[in-house]
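2 protein chains.
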Amino acid sequence: MHLVTGGAGFIGSHLVDALVSAGLKVRVFDNFSSGREEFLEHHKGTGMVDIHRGDLLDIGAISSAMKGVEMVHHLAANPDIRLGTEVTDTDLKQGTLATYNVLEAMRKEGVPAISFASSSAIYGEADQMPTPETYGPVMPISLYGASKLGSEALITAWAGTFGANAWIHRFANIVGPRGTHGVIFDFIHKLKADPSRLEVLGNGMQEKSYMSAEDCVGAMMHLIGYCELNVSLYNLGTGDTCSVRRIAEIVVEESGLEGVSIEYTGGDRGWAGDVPKTSLEVGRLLGTGFEPNMASEEAIRHTARALISEIGL
Amino acid sequence: MHLVTGGAGFIGSHLVDALVSAGLKVRVFDNFSSGREEFLEHHKGTGMVDIHRGDLLDIGAISSAMKGVEMVHHLAANPDIRLGTEVTDTDLKQGTLATYNVLEAMRKEGVPAISFASSSAIYGEADQMPTPETYGPVMPISLYGASKLGSEALITAWAGTFGANAWIHRFANIVGPRGTHGVIFDFIHKLKADPSRLEVLGNGMQEKSYMSAEDCVGAMMHLIGYCELNVSLYNLGTGDTCSVRRIAEIVVEESGLEGVSIEYTGGDRGWAGDVPKTSLEVGRLLGTGFEPNMASEEAIRHTARALISEIGL
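Protein chains in written order, with my numbering: chain A, 87 to 399; chain B, 87 to 399.
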């Protein structure tokens, strides 16, 4: 039995699909704060997925969900990076403290392996691009990034002290169907509210690495099968980048709307804590034989199409 | 006014001495779990040091201690690294959560600067020695190291999101008078209990960088005056190492005891989560013009003498 925390969420539900496709039984643990039952609807009645509704801050709930589990995929987190500028304990609780509870529950129940969704946000404003796994010192500038680095540290400490095996995946910006947040999601909602204009936070020059959720969970599954180390740590991305300006253009193209005025609020970043430019070095991932199906721009177009259909315009 | 959390503790009380010597007024915030009033006794009646007894987990207490503070020196932490193998939430609470409360209190009270006592424990078992600040990925193997890395991440996130200035000091093993824990302290207590033999955890080949507490606080003061960056991050150490075997010999020599049998429990480390070999690259620190007064072995002998006199044999 594989346990997926946040398994009803955006990336989590794609991972559940991938695990089930590999013939594995899956238990989902989710508080449904951003996860949705419809993301897992297609598994109903198959006997492959059972759902535990609970919160990771409830150590009793997560402990009882650990029974019989051979591996935890810990994806639950606050998905809204920008929220950290307003409510400062969200990432601490939903990130760092939730990870602590997962690890404690694993230790007590004897679960030997964890695969963790970390983030390129841990690198902060790196002065080396593309940024490799060996980059240091890592100095996240968002509270979300801090919670991911704090969680990585707890996981390596548990591995070092109590002997669990760990896979740490430092995600690029992951986009795809079932997205519940992020720039493409926001743009579509803005166009839905006002089809004549699209407001873009910052000057549109922000440029980041994107990866499709399908490729992301494919890479996670590949690395779990590939690595035998006590702790395996990889950047997950596509090796290229796409600007926010280009994303805005693609979303407008895919919307089919005519005469949309794209307007920039100005400034080099969307909000305090936003990293204007990220580019992940993914040579180590590609060196394992993994090949993503979509580059950044393709992943964005694929996502724009899927979300426009999900959200409706 | 400078606030020192953990100011009644081992390194904290040395920092209070250094700040007062520089003519600065100091407020100490300490829960006296390992801090001691006698470490600050010599400041009584001078009007330079006032003491707030409180716990960092009490956000109200730390907030009220922030009034009128221009800089926080955050040194409070659980000093017993080994404890993490038994009680897994000590470092999370006394480390990561305490740091969060300090930062939140600073943000609310408008305190613009923090100097933080981090640790070489964040590097875990680095495969590059001596280990520079740019080493990555950092993978602590102790829960103490995880709490220090988690705290660093919170600090850089606060600096990036809310604009505080930060100094992060990654300490070697700091030793000196008023030590309340650590290998020299343990050895003296063991000799006090049984002057005929000294049990050493592990095979004695563990080898680490040591620095005297006096040099450590000197380096902190020097860097605060030297750096103007939003976040300054330096390794603090002496550039050399000393083995546990040599420490045992020095403590026995300084004890004046005759015929002590030094016995090793065996194995390459003292306990799970202990890093057998650490060596900090301190070229960046030395490049700022700072020169430590004592190398590792001198610092150890100095400490052995001071602690034998404090503890009594």
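Using N, Cα and C, we set each Cβ at its ideal position, and we do this for glycine too.
Pairwise C-alpha distance: residue j and residue i
i	j	result
Val-102(A)	Gly-121(A)	13 Å
Ala-191(A)	Met-152(A)	7 Å
Val-197(A)	Ala-162(A)	18 Å
His-138(A)	Val-114(A)	6 Å
His-128(A)	Ala-385(A)	23 Å
Leu-143(B)	Glu-293(B)	35 Å
Val-112(A)	Ile-208(B)	34 Å
Lys-278(B)	Gly-95(B)	23 Å
Leu-319(B)	Ser-282(B)	45 Å
Leu-183(A)	Glu-238(B)	16 Å
Pro-362(A)	Glu-211(A)	8 Å
Asp-166(B)	Ser-119(B)	12 Å
Val-90(A)	Val-155(A)	10 Å
Gly-325(B)	Ala-392(B)	23 Å
Ser-99(B)	Ala-358(B)	30 Å
Arg-355(B)	Gly-249(A)	15 Å
Asn-164(B)	Tyr-186(B)	15 Å
Lys-194(A)	Phe-271(B)	33 Å
Gly-181(B)	Thr-176(A)	18 Å
Cys-328(B)	Ser-295(B)	6 Å
Thr-52(B)	Met-134(A)	Summary: the structure shown does not reach residue 52(B), with chain B confined to residues 87 through 399, and so no result is reported for it.
Cys-313(B)	Ser-149(A)	47 Å
Ala-299(A)	His-388(A)	11 Å
Thr-146(A)	Ile-394(A)	Checking the sequence, you will find Gly at residue 146(A) rather than Thr. Approximately 39 Å between the Cα atoms of the pair.
Gly-109(A)	Asp-136(A)	14 Å
Leu-399(B)	Glu-335(B)	16 Å
For residue i: DSSP bridge partner residues
i	result
Ala-203(A)	His-255(A)
Ile-137(B)	Val-114(B)
His-159(A)	Val-90(A) and Ser-201(A)
Met-225(B)	Gly-210(B)
Lys-363(B)	Glu-293(B)
Ile-348(B)	Leu-284(B)
Thr-217(B)	Leu-366(B)
Val-261(A)	Ser-298(A)
Extent of the continuous beta strand (DSSP E) to which residue i belongs
i	result
Phe-115(A)	112-116
Tyr-320(A)	317-322
Arg-283(B)	283-286
Boundaries of the alpha helix (DSSP H) in which residue i is found, first to last residue
i	result
Glu-335(B)	330-341
Tyr-312(B)	299-312
Leu-101(A)	96-107
Gly-146(B)	145-151
Val-188(B)	184-195
Phe-273(B)	269-279
Ile-397(B)	382-397
Three or more beta-carbon pairs under 8 Å between the region 207-216 of chain B and the region 266-284 of chain B, yes or no?
Contact fails: fewer than three Cβ-Cβ distances are below 8 Å.
Taking a cut of 9 Å between CB atoms, which residues from the region 211-229 of chain B lie near chain A?
With the criterion set as a beta carbon lying under 9 Å from some beta carbon of chain A, the members of the region 211-229 of chain B are Glu-211, Pro-218, Glu-219, Thr-220, Tyr-221, Gly-222, Pro-223, Val-224, Met-225, Pro-226, Ile-227, Ser-228 and Leu-229, in sequence order.
Are the region 342-349 of chain A and the region 173-193 of chain A in contact at 8 Å, needing three or more beta carbon pairs?
No: fewer than three Cβ pairs fall under 8 Å.
If you measure beta-carbon to beta-carbon, which residues of the region 312-325 of chain B are closer than 9 Å to chain A?
Of all residues in the region 312-325 of chain B, Val-317 and Leu-319 have a Cβ within less than 9 Å of some Cβ in chain A.
Can you find at least 3 beta carbon pairs, one from the region 233-251 of chain A and one from the region 225-235 of chain B, that sit closer than 8 Å?
Taking a contact to require three or more Cβ pairs closer than 8 Å, the region 233-251 of chain A and the region 225-235 of chain B qualify as touching.
Contact the region 371-390 of chain B vs the region 299-314 of chain B: 3+ CB pairs below 8 Å:
The count of Cβ pairs closer than 8 Å, one atom from the region 371-390 of chain B and one from the region 299-314 of chain B, reaches three, so the stretches are in contact.
Decide yes or no for the touch test of the region 246-262 of chain B against the region 251-258 of chain A: beta carbon pairs closer than 8 Å, at least 3 of them.
Cβ pair count under 8 Å is below three, so no.
Quick check: the region 281-295 of chain A against the region 347-365 of chain A, are there 3 or more CB pairs under 8 Å?
Counting Cβ pairs under 8 Å, three or more are found: they touch.
Listed in chain order, which residues of the region 178-200 of chain A have Cβ atoms closer than 9 Å to some Cβ of chain B?
Within the region 178-200 of chain A, the qualifying residues are Leu-178, Thr-182, Leu-183, Tyr-186, Leu-189, Glu-190 and Arg-193.
With 7 Å as the limit, tell me which residues of the region 238-255 of chain B have their beta carbon closer than that to any beta carbon of chain A; keep them in chain order.
Within the region 238-255 of chain B, contact with chain A at the beta-carbon level (separation under 7 Å) is assigned to Ala-239, Leu-240, Thr-242, Ala-243, Gly-246 and Thr-247.
Check whether the region 200-209 of chain B touches the region 159-176 of chain B, counting contact only when three or more Cβ pairs, one atom from each stretch, lie closer than 8 Å.
Touching, yes, given that three or more Cβ pairs across the two stretches are closer than 8 Å.
Residues of the region 150-178 of chain A in Cβ contact with chain B at a cutoff of 7 Å, in chain order, please.
Taking 7 Å as the upper bound on Cβ-Cβ separation, chain B lies near residues Gly-170, Thr-171, Thr-174 and Leu-178 of the region 150-178 of chain A.
Give, in chain order, every residue of the region 358-376 of chain B whose Cβ lies closer than 8 Å to some Cβ of chain A.
Of all residues in the region 358-376 of chain B, Ala-358 and Gly-359 have a Cβ within less than 8 Å of some Cβ in chain A.
Under 9 Å, CB to CB, which of the residues in the region 267-280 of chain B have a partner in chain A?
Of all residues in the region 267-280 of chain B, none places a beta-carbon less than 9 Å from a beta-carbon of chain A.
Listed from N- to C-terminal order along the chain, which residues in the region 288-302 of chain A have their beta-carbon within a distance smaller than 8 Å of any beta-carbon of chain B?
Here the close residues number zero.
Contacting positions in the region 137-151 of chain B - beta carbon closer than 9 Å to chain A
Across the region 137-151 of chain B, no CB contact with chain A closer than 9 Å is found for any residue.
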